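Reading through the structure tokens given below for one structure.
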Amino acid sequence: MTGLLPLDQTLVWYMSPDGRIVHLSGEPLAGSDGVWLGPDPDGLGSAEVESLFEAAARQSGETWIGTKMGHGTIDLQLYVEAESADAFRRRWLWLSNLIERRRPGWLLAYTSATGWRWLAVRKESFKPALGRDPGPRNWATFDLLLIVESPLAREADDTDEWINAAGSGRGDLYLYPGDSEWPPWPQFVLRGPGRFRLRWAGNDVEFPMLRADEWALVNTDEARPTIRARDINGVDRNLWPEMKPGTKIEHPLRPREVSRVDVKVTGGSSQSSAWGTVAVQREGLV
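Numbering of the sequence shown is given in the working numbering, commencing with residue 780 and proceeding in unit increments.
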């Protein structure tokens, strides 16, 4: 290989929870593990979104109130081949064990038009489609059904960093979630010393004082908000109890816009810094 991605090809790879990659399609590596992607994969193209409505007595029609996105499924047909009947059996079991139920792996896809995208997936079922004994020919077709907990595919995150090198105590971050319609919740890493105040997308949040040897992880997702500090010795502390009573992070970033995050740090030094990241999410893996 030259290290360059092949043009005008769709690459589909599976990455196990431990990082082992199986090259399912796309030259020159497709089939190098004795596994190929078959025709007509189902579920790679889009996420299923359900609209929610409410109605009142004597109302003409219904009022749209939002959307609901459940889990997704991906149905793949795989060809598995080996040089002998015993090697075929071992490869079959190896592949089935590589795709786990308890720990998610990753299904990755690349096209020249969309670049790399990926989804976290779990095994629902892995069934051989045996029309006859595969032993004499040492290959068989398998139907793999994958569960996708969050069916929005990911691209490379957008990130930005501000460092208080000049000692002004003020700066900004710029985060862009791409042209997807889905509003994302950013994450921040704050490095002490100092008391940080961040303002973005209608939020105005002041955080507890950080020591010089501490970093704080701020996950703003409304489903699992987190504010935790860790020092250089690996000691964690939960900062939520130290926040001002009633503090809430209510608003995600605006979709399809570059959002500015105003940063202010009081009692900081030249090493005080703020790092931000936001996921770029897509409907569909390819």
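By construction, the Cβ of each residue, glycine as well, lies at the ideal position given by its N, Cα and C atoms. Predicted, not measured: the structure shown is a model, and the values here were computed from it.
Length-filtered (3 minimum) beta strand (DSSP E) runs lying within the region 799-848 = 800-804, 814-816, 828-833, 842-848
Where the alpha helix (DSSP H) through L874 begins and ends | The residue labelled residue 874 in the question sits at position 95 within the sequence shown. Start and end: 864-877.
Are Y953 and D936 close, meaning C-beta to C-beta below 8 Å?
-> Stepping through the sequence shown from its first residue, residue 953 is reached at position 174. Stepping through the sequence shown from its first residue, residue 936 is reached at position 157. It is not a contact, given that the beta carbons lie outside the stated cut-off.
Compare the Cα-Cα distances from R901 to each of S839, A864, H850 and report the closest residue.
-> Along the sequence shown, read from residue 1 onward, the residue named residue 901 stands at position 122. Closest option to R901, Cα to Cα, is H850.
Considering only residues of the same chain and omitting the five flanking positions on each side of F975, which have a CB-CB separation below 6 Å?
-> Taking the sequence shown and counting its residues from 1, one reaches residue 975 at position 196. Same-chain partners within the cutoff: L969, F986, V1044.
Under 8 Å by Cβ, that's how I've got L887 and R1061 pegged, so tell me the actual separation to the nearest angstrom.
-> Within the sequence shown, numbered from 1, the residue matching residue 887 stands at position 108. Within the sequence shown, numbered from 1, the residue matching residue 1061 stands at position 282. Actually they are not in contact, since the Cβ atoms of L887 and R1061 sit about 13 Å apart, beyond 8 Å.
Ordered along the chain, which non-local residues of its own chain (more than five positions away) have a Cβ less than 7 Å from that of T890?
-> Taking the first residue of the sequence shown as position 1, residue 890 is located at position 111. These residues qualify, in order along the chain: T789, V1065.
Where DSSP assigns a beta bridge to E940, which residues make up the other side?
-> Your numbering for residue 940 matches position 161 in the sequence shown. E940 pairs with W1054.
CB-CB under 8 Å to R751, same chain, minus the five flanking residues each way: which ones, in chain order?
-> The chain is shown from 780 up to 1065; residue 751 falls before or after that span and cannot be answered.
What residue range is occupied by the uninterrupted beta strand (DSSP E) comprising Q856?
-> Locating residue 856 in the sequence shown gives position 77, counting from the first residue. That run of the beta strand (DSSP E) goes 851-860.
Kindly indicate the opening and closing residues of the beta strand (DSSP E) around R896.
-> Numbered from its first residue, the sequence shown carries residue 896 at position 117. Element bounds for R896: 894-907.
Within 10 angstroms of its Cβ, does V1042 collect 16 or more other Cβ (buried), or is it exposed?
-> If you number the sequence shown from 1, residue 1042 lands on position 263. With 16 or more Cβ atoms within 10 Å of its Cβ, V1042 is classed as buried.
Counting pairs of Cβ atoms below 8 Å between the region 947-965 and the region 859-874, do you hit three or more?
-> no
Since I1006 is in the beta strand (DSSP E), which residue starts that stretch and which ends it?
-> Looking up residue 1006 in the sequence shown gives position 227. Where I1006 is concerned, the enclosing beta strand (DSSP E) stretches over 1005-1010.
Beta-carbon spacing of L924, E903 below 8 Å | As a first step, residue 924 is located in the sequence shown; it is residue number 145 there, counting from the start. As a first step, residue 903 is located in the sequence shown; it is residue number 124 there, counting from the start. In this structure, E903 lies closer than 8 Å to L924 by Cβ.
Under three-state DSSP, which class holds W994?
-> As a first step, residue 994 is located in the sequence shown; it is residue number 215 there, counting from the start. Here W994 sits in strand by DSSP.
Keeping to the same chain, check which residues put their C-beta closer than 7 Å to that of W792; ignore five residues upstream and five downstream.
-> Taking the sequence shown and counting its residues from 1, the one referred to as residue 792 is at position 13. Contacts found: I800, V801, H802, L803, L887.
Residue range of the unbroken beta strand (DSSP E) whose run includes V1014 | The residue labelled residue 1014 in the question sits at position 235 within the sequence shown. For V1014, no beta strand (DSSP E) segment is defined, and its DSSP state is neither H nor E.
Pick out whichever of D865, D992, W815, E860 has its Cα sitting closest to the Cα of G1013.
-> Within the sequence shown, numbered from 1, the residue matching residue 1013 stands at position 234. Nearest C-alpha to G1013: D992.
Should W815 be labelled buried (16 or more other beta-carbon atoms within 10 Å of its own) or exposed?
-> As a position in the sequence shown, residue 815 is number 36, starting the count at 1. Counting Cβ neighbours within 10 Å, W815 comes out buried, since at least 16 surround it.
Where does E1036 fall in DSSP's three states?
-> Here residue 1036 refers to the residue found at position 257 when the sequence shown is read from its first residue. Here E1036 sits in coil by DSSP.
Buried or exposed (CB count within 10 angstroms, at least 16 for buried), F921 | As a working note, residue 921 is residue 142 in the sequence shown. Classification of F921: buried, given that the 10 Å Cβ count is 16 or more.
On a CA-only basis, which of N917, E806, V927, P956 is nearest R882? Give me that one, please.
-> One-based indexing of the sequence shown puts residue 882 at position 103. The residue with the shortest Cα to Cα distance from R882 is V927.
Find out if the Cβ-Cβ distance for the pair W897, W885 is shorter than 8 Å.
-> As a working mapping, residue 897 is identified with position 118 in the sequence shown. As a working mapping, residue 885 is identified with position 106 in the sequence shown. The answer is yes: Cβ separation under 8 Å.
May I ask which residues mark the beginning and end of the beta strand (DSSP E) holding Y793?
-> As a first step, residue 793 is located in the sequence shown; it is residue number 14 there, counting from the start. 790-794 is the extent of the beta strand (DSSP E) around Y793.
What's the C-alpha gap between T852 and P1031?
-> Position 73 of the sequence shown holds residue 852. Position 252 of the sequence shown holds residue 1031. So the two alpha carbons sit approximately 27 Å from each other.
Please name the residue or residues paired with A888 in a DSSP beta bridge.
-> Mapped onto the sequence shown, residue 888 falls at position 109. In DSSP, A888 forms a bridge with V791, R896.
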